[in-house]
Amino acid sequence: MRDAMKRIKGRIMMVACALLLAPTLAAAEPTTPDEWYKQGENEYNLGNFEEAVKAFKKGFALETNESKKSAYLYNIAQSYRQAKDCSNSQFFYKRFLALKDADTAKPLSERTRKDVEERIKELEECARQQEAIKNRPPDGSLTPNDGGVVPDTKTETVKPDPKDVATGGDGDDGGDDDDDGITKRTDTELALLSARVGFGGAKVTMGASSVPIQPTGALIGGYPILIDPKMRVEVGAAFTFTPIPYNSMSTGTKGTAGLTAVLANGSLTYGVAPKMAVRGDLGLGMLFLSSASGSPFTGGQPTTGALSMFHVRVGVSADYELTPNLIATIPLAFSYSPPKEGLSEDIKSITAFDFMVGLGYRM
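Quick note: the sequence shown uses our numbering, first residue 3, plus one each step.
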């Protein structure tokens, strides 16, 4: 009876220990693409190439950013090559090239493409040799009674590979030293130029003159600078245009004036979720009121040319990444200009509230 009780207590203790250790073991398992990538990198550096392949494949399956996936494919190919698996290595190098062909934001350099294509050719030859060696007779096994005598069979001659394609960790494969490592994931594929265009409506206030909501457009371009994986700034220029119709009761004339803004523009973009970001813009420059001679905006007085005045514009937008290069955006903006000599006395400032939809493109 005592022995039975001891056995029961022992089993209870084993179950309890298993329950206590389970959360710890589960916590040690990577759960995000970044964690799987880091594990793959560690296994690769330790020479555990089969484990590195598994980790990079897990990271690739979980990765949602298309611009980062090519790095996983390259690292899988590298790991297979170091493990001397020529067939799988050349397959994943080909998949890497196919994925990079679709990446217009950061295409491969000609040198890198040439290196990878040459490596694929070498690996294809290596795979054919490995297959030939595998199929060479004898393909059976010996029993102890055979006395270790191999049956007399016709053999094929296999031409040795001129290059040791699938090298070990020393990476002596006749290529660049960098080819024997794994490629780094970049958290942001930053473009050299960025441009966006928006169209919508504007509510303009110009003194006592009643201006209904008018169509408006904006063009913003600049050079992006990466601050961290989630944040970038952009410096460039902005242009906006809004037509302003008028009907002068005193002179009986009708027409359309134009508000054109030319600004130096700076922006800050912050990623809040995969493929989603918020952006703030600040522009400083000049506002030009054109075709306003004899209009209520000048008190019916004639003007020569456009009236220019200081202009400040503040905007905020919600961005959604449709592709690595194309962005859908919903911008809102407020602008202000002080009065200018030549304007009607009742115009103490010119303000506008813009609401638009638009598209952005990174080159």
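Virtual Cβ for every residue (Gly too), placed ideally from N, Cα, C. For clarity, every value in this text was computed on a predicted model and none was experimentally measured.
If you drop the 5 nearest sequence neighbours on each side, which residues of the same chain put their C-beta closer than 6 Å to that of residue 171? Residue confidence for residue 171 is low, a pLDDT of 38 falling below 50, so the modelled location carries little weight; the figure read from the coordinates is stated next. So the qualifying residues of the chain are 49.
Closest to residue 274 by C-alpha separation, out of 114, 319, 37, would be which residue? 319
Mind checking which residues open and close the alpha helix (DSSP H) that includes residue 36? 35–47
Between 342, 220, 316, which lies nearest to residue 290 when the distance is taken from Cα to Cα? 342
Whole angstroms are fine: how far does the CA of residue 250 sit from the CA of residue 258? 11 Å
So, does the region 198–216 touch the region 228–240, judging by three or more C-beta pairs under 8 Å? no
Under 8 Å, do residue 280 and residue 272 count as touching if we go by C-beta distance? yes
How is residue 189 classed by DSSP in three states: helix, strand or coil? Here residue 189 scores only 42 on pLDDT, less than 50, and its place in the model should not be relied on; the value that follows carries that caveat. If DSSP states are grouped into helix, strand and coil, residue 189 belongs with coil.
Spatially closest choice to residue 337 from 231, 331, 285, 123, by CA coordinates: 285
Exposed or buried, which one is residue 331 when buried takes at least 16 other CB atoms within 10 Å? buried
Is the separation between the beta-carbon of residue 219 and that of residue 255 shorter than 8 Å? no
How would you call residue 118, buried or exposed, if buried means at least 16 neighbouring beta carbons within 10 angstroms? buried
Any heavy atom of the ligand FMN closer than 7 Å to the Cβ of residue 133? The model on display carries no ligand, and the ligand FMN is accordingly not part of it.
List the endpoints of the continuous beta strand (DSSP E) containing residue 118. Element bounds for residue 118: not the beta strand (DSSP E) but the alpha helix (DSSP H), 112–137.
So, at 6 Å on beta carbons, what are the nonlocal neighbours of residue 348 in its own chain, with the 5 sequence-adjacent residues on each side left out? 209, 210
According to DSSP, is residue 84 helix, strand or coil? helix
Cβ of residue 296 within 8 Å of Cβ of residue 287? no
Just to confirm, is the Cβ distance from residue 333 to residue 358 under 8 Å? yes
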